[in-house]
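A.B. asks:
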Amino acid sequence: MASKNPPTANRQVKQLREHLFELLKGGSAHAGYDDAVKDLPEKLRGVKPDGLPHSAWMLLEHLRIAQQDILQFSRNPKYKTPKWPDDYWPKTAAPPSNAAWNKSVQQFRKDLKTMQDLVANPKTDLYARIPWGDGQTILREALLVADHNAYHIAQLIDVRRLLDAWKG
Numbered sequence: 000m001a002s003k004n005p006p007t008a009n010r011q012v013k014q015l016r017e018h019l020f021e022l023l024k025g026g027s028a029h030a031g032y033d034d035a036v037k038d039l040p041e042k043l044r045g046v047k048p049d050g051l052p053h054s055a056w057m058l059l060e061h062l063r064i065a066q067q068d069i070l071q072f073s074r075n076p077k078y079k080t081p082k083w084p085d086d087y088w089p090k091t092a093a094p095p096s097n098a099a100w101n102k103s104v105q106q107f108r109k110d111l112k113t114m115q116d117l118v119a120n121p122k123t124d125l126y127a128r129i130p131w132g133d134g135q136t137i138l139r140e141a142l143l144v145a146d147h148n149a150y151h152i153a154q155l156i157d158v159r160r161l162l163d164a165w166k167g
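By numbering that gives the first Met the number 0, the letter at position 135 of the sequence shown is numbered 134, and the numbering carries on one by one without gaps.
1. Which of helix, strand or coil does DSSP assign to residue 7?
2. Kindly indicate which residue of 24, 125 and 142 has the alpha-carbon position closest to the one of residue 13.
3. Just reading off the alpha helix (DSSP H) that residue 51 is part of, what are its end residues?
4. May I have the straight-line CA-CA distance separating residue 97 from residue 70, to the nearest angstrom?
5. How is residue 44 classed by DSSP in three states: helix, strand or coil?
6. Would you check if there are 3 or more beta carbon pairs closer than 8 Å linking the stretch 68-83 to the stretch 131-146?
7. Does DSSP put residue 80 in a helix, in a strand, or in coil?
8. Can you tell me whether DSSP reads residue 91 as helix, strand or coil?
9. Considering Cα atoms alone, identify which of 11, 49 and 19 is closest to residue 117.
10. Going by DSSP in three states, residue 136 sits in which element: helix, strand or coil?
11. Let me know if residue 103 comes out buried or exposed under the rule of 16 or more other beta-carbons within 10 Å of its beta-carbon.
12. Using the C-alpha atoms, what's the distance from residue 30 back to residue 153?
13. For residue 46, tell me which candidate among 55, 27 and 9 has the shortest Cα-Cα distance.
14. Drop a sphere of 10 angstroms on the beta-carbon of residue 128, count the other beta-carbons inside from all chains shown, and report buried for 16 or more, exposed for fewer.
15. Quick check: the Cα distance between residue 162 and residue 48, rounded to an integer number of angstroms?
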């Protein structure tokens with residue numbers, strides 16, 4: 000007699016996908032990305048607080064670039080990884096314009112959604128080695144994105160706190 004419930008392994012993978020999706024979204028145990036970038040005054044976006052090496056712009060761009068790098072590596076066998084560290088950080092402390100800030104904010108959200116969709120897709124084998132990598136899996140790359148994002152979002156919030164631009 001066939002069971003009405005899917006096999007345990009299928010339920011576990013489905014649950015893993017749901018947990019990864021939430022982890023990527025962030026904010027479960029701390030402030031999330033949208034909180035960190037919301038309503039930051041334009042005049043403060045390029046300011047490096049005393050004692051810190053990065054401005055909000057530098058952190059935002061680094062978040063966007065690194066996340067996009069991991070996402071592209073995960074999906075594109077012809078992708079060429081940027082040069083570390085030069086290509087992972089913006090050249091200036093301040094955004095060139097308000098439009099550049101907004102574009103970076105939106106691109107980060109778009110790429111994050113793409114990574115979430117990738118791990119949520121039942122056709123994505125989370126455990127299979129990425130053929131063009133050296134042992135990485137989509138599971139590892141998703142965890143890397145979540146970890147990296149959480150780290151730098153916390154730094155962004157610290158920048159805001161030191162600039163007296165955080166109400167959280």
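Glycine residues also receive a C-beta, built at the ideal position from the N, C-alpha and C atoms. Nothing here was measured: the structure is a model prediction, and the numbers come from that model.
C.D. replies: Let me lay it out:
1. Reading the sequence shown from its first residue, position 8 is the one you call residue 7. Helix, per DSSP.
2. The residue you call residue 13 lines up with position 14 of the sequence shown. Nearest C-alpha to residue 13 among 24, 125 and 142: 125.
3. As a position in the sequence shown, residue 51 is number 52, starting the count at 1. Per DSSP, residue 51 belongs to no alpha helix (DSSP H) and is neither H nor E.
4. Along the sequence shown, one-based indexing puts residue 97 at 98. Along the sequence shown, one-based indexing puts residue 70 at 71. Using only the alpha carbons, I get a separation of about 25 Å.
5. Translated into the one-based positions of the sequence shown, residue 44 becomes position 45. If DSSP states are grouped into helix, strand and coil, residue 44 belongs with coil.
6. In the pairwise beta carbon analysis, the stretch 68-83 is classified as touching the stretch 131-146: at least three pairs are separated by under 8 Å.
7. The residue labelled residue 80 in the question sits at position 81 within the sequence shown. Here residue 80 sits in coil by DSSP.
8. Start at 1 with the first residue of the sequence shown, and residue 91 comes out as number 92. Coil, per DSSP.
9. As a position in the sequence shown, residue 117 is number 118, starting the count at 1. For residue 117, the nearest C-alpha among the options comes from 19.
10. Within the sequence shown, the letter at position 137 stands for residue 136. Looking at residue 136 - three-state DSSP - the assignment turns out to be strand.
11. For the purposes of this step, residue 103 is taken as the residue at position 104 of the sequence shown. Residue 103 is buried by the Cβ-count criterion.
12. In the sequence shown, the residue the question calls residue 153 occupies position 154. In the sequence shown, the residue the question calls residue 30 occupies position 31. Residue 153 and residue 30: Cα-Cα distance of roughly 8 Å.
13. Position 47 of the sequence shown holds residue 46. The option with the nearest alpha carbon to residue 46 is 55.
14. Here residue 128 is taken as the residue at index 129 of the sequence shown, counted from 1. Per the 10 Å Cβ criterion, exposed.
15. Within the sequence shown, numbered from 1, the residue matching residue 162 stands at position 163. Within the sequence shown, numbered from 1, the residue matching residue 48 stands at position 49. Their Cα atoms are separated by approximately 7 Å.
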